[in-house]
Amino acid sequence: MISKVILKNFKGFQNIELECNKENNILIGENGSGKTTILYAIGLVLSGSHAQIEKNGLASLFNSTAISKFLNSRDIKLLPELFVEIYFDDSYEEIKNNFDIEGTHNSKRMNSYGVSLRIIPNNDFNKEIKEALIDSDWRVFPFEFYKVEFLSFNGKIYTSYTKPFKFLYSLVNTSQINTTQENQKRIEEIYLDRIPIENRAKVNHEFRKSYDNLLTQLKSSNLVKDNDSEYDLYFEDSEKSFRNSVSAIKDGIDIKNLGQGEKVLLSVENSYCFLKDSVKILLIEEPENHLSYLNMLKLIAILNSKTGIQVFIGTHSNMIASRLGIDNITLLKERNVSKIQNLQKDTIRFFKKSTNQNLLNFALTDKVILVEGNAEYILMEKFFDMIHQVNPELLGVSIISVDGLSFKRYLEIAKEFESKNVAVITDNDKNYTTNILEKYSIFNIYNNIRVFSDQSDENYTFEVCVYNNNKSFIDGANLTRSGDVLEFMLGNKSEFALRLLEKLDSSNSLEDFKIPEYIKEAIEWVIRN
């Protein structure tokens with residue numbers, strides 16, 4: 059299996075090194091972060107296809123920063139080189155024994171098993187390049203003077219027809235599924251599975267006889283008329299007549315008429331059927347496209363049920379990222395890669411089973427406020443607006459509501475990223491020392507994590523704190539007909555928050571409302587840091 063991928067000057071990446079897991083590799087990041095680029099790079103090197111490169115052109119592959127740097131310097135020594143290197147895990151006997159790809163022809167000059175794509179200046183054109191650089195009017199990059207090589211680490215060049223490795227890979231791009239092709243793949247697989255090889259000739263022969271008899275009967279019944287034309291109707295008469303004529307159904311529906319979501323599942327299943335060699339690599343681009351909730355669960359079940367296949371997935375789906383294991387996540391941000399490591403097993407298990415759909419939002423945001431419940435979440439954006447006259451998103455802050463018992467799970471992730479600042483806003487539940495200071499003391503050593511709560515045990519929950527700070531405002535706001543306003547607030551937390559938000563939005567005297575001090579401190583801390 060692939061153990062490492064290195065990209066230099068390939069599309070948006072100047073230089074990255076991606077360590078790979080043996081089974082699932084989940085690439086997450088914002089749009090344009092490079093998920094598709096990595097999948098494309100892996101597929102391109104494994105394909106050995108010069109045709110793909112010629113189709114897209116070298117300009118589409120080279121890193122624009124590297125090109126600009128050269129054009130500004132016009133120094134031939136700075137002519138950029140592009141390479142993609144794929145290193146294989148030599149602990150697999152299938153790789154060590156069957157693949158002629160071992161050597162030191164890689165950027166690390168280390169003896170490894172691997173293959174690469176290299177796009178480098180062609181020395182045969184050094185004279186032409188130097189002459190172009192002398193020309194003061196020259197402003198174009200000399201792509202024409204580069205050469206493209208697919209090279210194994212033993213120094214041998216390969217192509218799509220002369221690969222030094224025997225394993226298969228499959229790329230599934232759910233936005234570009236060839237429906238006709240995928241349907242035919244599945245029909246073919248069903249045919250091969252249902253009809254044993256020793257029966258196929260007989261089945262096809264009987265099929266041809268039946269069709270020949272049918273045509274004869276149609277003509278004798280005058281349903282098909284003879285004419286004087288030199289052409290006549292004819293049923294295909296080959297050893298594949300039956301195979302080419304059958305289709306397949308699912309739940310009584312021809313697979314050609316399945317919905318788009320079902321076709322995504324079909325494409326992934328086809329890829330698993332296709333990957334029958336000892337070493338199998340599956341690349342999937344945004345598998346969540348067109349999938350309903352139930353079909354998403356089916357897809358995850360498919361991915362989790364297969365073993366012996368290394369999967370690379372680029373996704374925006376919280377469900378896929380969490381249920382395939384957050385320890386398999388690679389985060390792409392600002393053209394850098396980082397992995398979530400050193401997590402406790404129960405934290406990994408928690409996110410696999412949790413219904414919370416905030417994992418990617420949390421992972422991709424540098425400034426996060428975690429709140430305990432819906433009431434805090436409903437009002438937090440308004441509090442931001444009252445303090446800074448701006449929405450939190452414009453300050454790069456995400457507000458995420460999690461169950462109080464889940465805070466530590468998220469903080470386990472936060473401690474792996476020093477650049478991620480996470481503020482927790484939570485209740486002290488009538489014991490600030492035990493429930494705040496002692497409970498979260500293990501995170502005190504991390505400068506990017508801070509827990510905020512009211513220090514008075516009397517203000518034991520958010521609603522009580524808000525009420526005690528704003529008795530006159532809330533009592534006069536007509537939030538409820540109940541005689542006991544605080545009792546209503548505690549018993550109807552979300553409804554209370556919505557009514558208070560409506561009141562704050564329509565109020566001309568916001569200065570009369572006091573945001574709890576610990577919430578203001580949390581907001582200021584996460585912005586400042």
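In terms of my numbering, the sequence shown opens at residue 59 and continues consecutively. Note that beta-carbon positions come from the ideal geometry of N, C-alpha and C, so glycine has one too.
It is roughly 5 Å from the alpha-carbon of residue 146 to the alpha-carbon of residue 171. Between the alpha carbons of residue 584 and residue 567 lies a gap of roughly 27 Å.
Going by C-alpha positions, residue 358 is about 7 Å away from residue 381.
From the listed residues 402, 213, 475, the smallest Cα separation to residue 423 is found for 475.
Looking at 308, 285, 274, the one whose alpha-carbon comes closest to that of residue 245 is 308. Restricted to the stretch 335–387, the alpha helix (DSSP H) segments that are unbroken, complete and at least 4 residues in length are 351–363, 376–381, listed in chain order. In the structure shown, residue 185 adopts helical secondary structure according to DSSP, grouped into three states. One Cα belongs to residue 524, the other to residue 441, and the distance between them is close to 12 Å. The criterion of a C-beta distance shorter than 8 Å is not satisfied by residue 378 and residue 387.
In this structure, the alpha-carbon of residue 101 lies about 8 Å from that of residue 228. According to the DSSP assignment, residue 456 belongs to the beta strand (DSSP E) that extends over 455–459.
Of all C-beta pairs linking the stretch 481–490 to the stretch 504–520, three or more are shorter than 8 Å, placing the two stretches in contact. Residue 367 places its beta carbon less than 8 Å from that of residue 338. Here DSSP, grouped into helix, strand and coil, assigns residue 258 to helix. Look at the beta carbons and you see the stretch 574–581 not touching the stretch 544–557: under three pairs across the two are nearer than 8 Å. When only Cα atoms are considered, residue 569 and residue 446 end up about 13 Å apart. In this structure residue 323 does not touch residue 364 by the C-beta definition: roughly 13 Å separates them, more than the 8 Å allowed. Contact holds between the stretch 197–209 and the stretch 167–185, because three or more Cβ pairs, one in each stretch, are under 8 Å apart.
The three-state reading of DSSP puts residue 89 in coil, since its state is none of H, G, I, E or B. Between residue 188 and residue 134, the CB-CB gap stays under 8 Å.
Residue 374 places its beta carbon less than 8 Å from that of residue 346. Burial check for residue 112: the Cβ neighbour count within 10 Å stays below 16, so the residue is exposed. Three or more Cβ pairs drawn from the stretch 418–438 and the stretch 457–472 lie within less than 8 Å of each other, which places the two stretches in contact. Under the 10 Å beta carbon count, residue 259 is surrounded by fewer than 16 other beta carbons and is classified as exposed. For residue 131, the enclosing alpha helix (DSSP H) has its first and last residue at 122–131.
Taking C-beta atoms under 8 Å as the contact rule, residue 114 and residue 69 fail to qualify, at a distance of about 10 Å. The Cβ atoms of residue 96 and residue 63 sit closer than 8 Å to each other. With respect to the 8 Å criterion, residue 99 and residue 142 are classified as neighbours on the basis of their beta carbons. By alpha-carbon distance to residue 226, the top candidate from 472, 106, 486, 350 is 106. Under the three-state reduction of DSSP output, residue 535 falls in the coil class, being neither helix nor strand. Residue 390 is positioned such that its CB atom lies closer than 8 Å to that of residue 93.
Straight through space, the alpha carbons of residue 469 and residue 405 are spaced by roughly 10 Å. Residues 424 of the same chain have their beta carbon placed closer than 7 Å to that of residue 477, with the five preceding and five following residues left out of the count. One alpha carbon belongs to residue 500, the other to residue 403, and they sit about 18 Å apart. Secondary structure of residue 77 (DSSP, three-state): strand.
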